[in-house]
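Beneath this line is the structure, given in structure tokens, with notes to follow.
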Amino acid sequence: MTNSVFSLKNVVVTVGDGVQILKSVNFDIYDGDFITVLGTNGAGKSTLFNTIAGNLSISSGEILHNGHNIAHETAVKRTNYIARVFQDPKMGTAPRMTVAENLLLAEKRGSKRTLHGRGLTQKKLTEYATLTKVMGNNLDSRLNTATGDLSGGQRQALSFLMATRVKPELLLLDEHTAALDPKTSEQLMQATNEQVTKHKLTALMITHNLADALKYGNRLIIMNAGNIVLDVRDEEKKALDENTILRYFVS
Ligand SMILES: Nc1ncnc2c1ncn2[C@@H]1O[C@H](COP(=O)(O)OP(=O)(O)OP(=O)(O)O)[C@@H](O)[C@H]1O
939 MTNSVFSLKN VVVTVGDGVQ ILKSVNFDIY DGDFITVLGT NGAGKSTLFN TIAGNLSISS
999 GEILHNGHNI AHETAVKRTN YIARVFQDPK MGTAPRMTVA ENLLLAEKRG SKRTLHGRGL
1059 TQKKLTEYAT LTKVMGNNLD SRLNTATGDL SGGQRQALSF LMATRVKPEL LLLDEHTAAL
1119 DPKTSEQLMQ ATNEQVTKHK LTALMITHNL ADALKYGNRL IIMNAGNIVL DVRDEEKKAL
1179 DENTILRYFV S
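Numbering (the working numbering), first residue to last: 939 to 1189.
Written as structure tokens, this is what we have:
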């Protein structure tokens, strides 16, 4: 296996009066890993994401990005190479801006985010029509629609496309299909899988859907009480079933 792109070394997160919500986590993320993340409510999944993204400070340990400790780097700085899609369709997009304007803005990851001096040319609109069509939910016909007027599924698809417009070194999918109806959720999940696979994205995906966690990705982790209690990949992951997974869901 190649060197890890991200590595958590003995990462502890302590809150309030000394409660550890991450307990000495050691976790390596390799290039091209698509890791599904499971665990009971309160297990520490969002805490893990917040820690990696820099939204939560660690109490001890190291977070390495290509071998460099980024534990003290701000969340804003980390957005240059880490992208995140949230559960809430209202997060991640500017509601008054159109779909096309949001996509244009997303192309500025790592540089100053302004639309000044960069027009939406016909060439760009044609490019965005092709880009959005792959999501399979008519987003391509709504390029000039304000994002706030989209359906939840279209908005989540747009958030996904924005997060991946400039290929991130790590994509954090934070229950990004959970607020959608079953059919829309399944459709976005399939589109997600196609894009992650096609573009060889390195991704972590929190889900409460056991079937999705088993079906997608090359690797699966389960968290419990601030620890990673199972970490399997490839054949070992394929051999798992829902009953085996549920044994790790103890509170
Ligand atoms: N900033 C914080 N300050 C204090 N406690 C926190 C903070 N963030 C998380 N916690 C606590 O840490 C524990 C883990 O929370 P976390 O949100 O990571 O769980 P989760 O696995 O994502 O759960 P869910 O499936 O419900 O989203 C919980 O007990 C939560 O209350």
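We put the beta carbon where it would ideally sit given N, CA and C, even for glycine.
Just how far apart, CA to CA, sit residue i and residue j?
| i | j | result |
| --- | --- | --- |
| T1083 | M1029 | 17 Å |
| P1106 | F1187 | 31 Å |
| A1151 | A1141 | 13 Å |
| E1180 | T1059 | 49 Å |
| S1089 | L1077 | 10 Å |
| D966 | R1157 | 12 Å |
| V1072 | Q1125 | 11 Å |
| D971 | F944 | 11 Å |
| P1120 | N1147 | 11 Å |
| K1136 | T985 | 29 Å |
| D1112 | K983 | 9 Å |
| V1265 | V1167 | With the chain covering only 939 through 1189, there is no way to say anything about residue 1265. |
| T1068 | T1182 | 41 Å |
| L1041 | L1139 | 19 Å |
| A1129 | G1074 | 8 Å |
| A991 | T1070 | 26 Å |
| L1096 | L1108 | 18 Å |
| L1063 | E1132 | 22 Å |
| V1045 | D955 | In the sequence as displayed, the identity of residue 1045 is Glu instead of Val. Taking the straight line from one Cα to the other gives about 42 Å. |
| G1164 | E1065 | 43 Å |
| G1057 | T1145 | 38 Å |
| N993 | G999 | 16 Å |
| A1038 | S1079 | 11 Å |
| L1178 | T1036 | 43 Å |
| S997 | A1009 | 10 Å |
| Y1154 | N941 | 23 Å |
Given a threshold of 16 other Cβ atoms within 10 Å of its Cβ, counted over all protein chains shown, does residue i qualify as buried or as exposed?
| i | result |
| --- | --- |
| Q1092 | buried |
| R1022 | buried |
| P1027 | buried |
| V951 | buried |
| K1175 | buried |
| N988 | buried |
| L1184 | exposed |
| V1014 | exposed |
| S1123 | buried |
| H1003 | buried |
| R1034 | exposed |
| P1134 | The displayed chain sequence assigns Val, not Pro, to residue 1134. So V1134 counts as buried. |
Per DSSP, which one or two residues make a beta bridge with residue i?
| i | result |
| --- | --- |
| F965 | L946 |
| A1084 | T1036 |
| D1169 | I1159 |
| I1144 | V975, D1112 |
Assuming residue i is part of the beta strand (DSSP E), what are its boundary residues?
| i | result |
| --- | --- |
| D1172 | No beta strand (DSSP E) contains D1172, which is instead part of the alpha helix (DSSP H) from 1172–1176. |
| L1063 | Looking at the DSSP string, L1063 is not in any beta strand (DSSP E); the run it does join, the alpha helix (DSSP H), is 1060–1071. |
Does chain C have any CB closer than 9 Å to the CB of residue i?
| i | result |
| --- | --- |
| V1188 | Going by chain labels, chain C is absent from the structure shown, which holds only one protein chain. |
Could you please give the first and the last residue of the uninterrupted alpha helix (DSSP H) stretch that includes residue i?
| i | result |
| --- | --- |
| A1149 | 1148–1153 |
| E1180 | 1180–1184 |
Exercise for the section: Please list the segments of the alpha helix (DSSP H) lying wholly inside the region 1088–1122, counting only runs of 4 or more residues, in order along the chain. Expected result: 1090–1103
Practice task
Give, in chain order, every unbroken run of the beta strand (DSSP E) that is at least 3 residues long and sits entirely within the region 951–1034.
Solution key: 957–968, 972–977, 998–1003, 1020–1023
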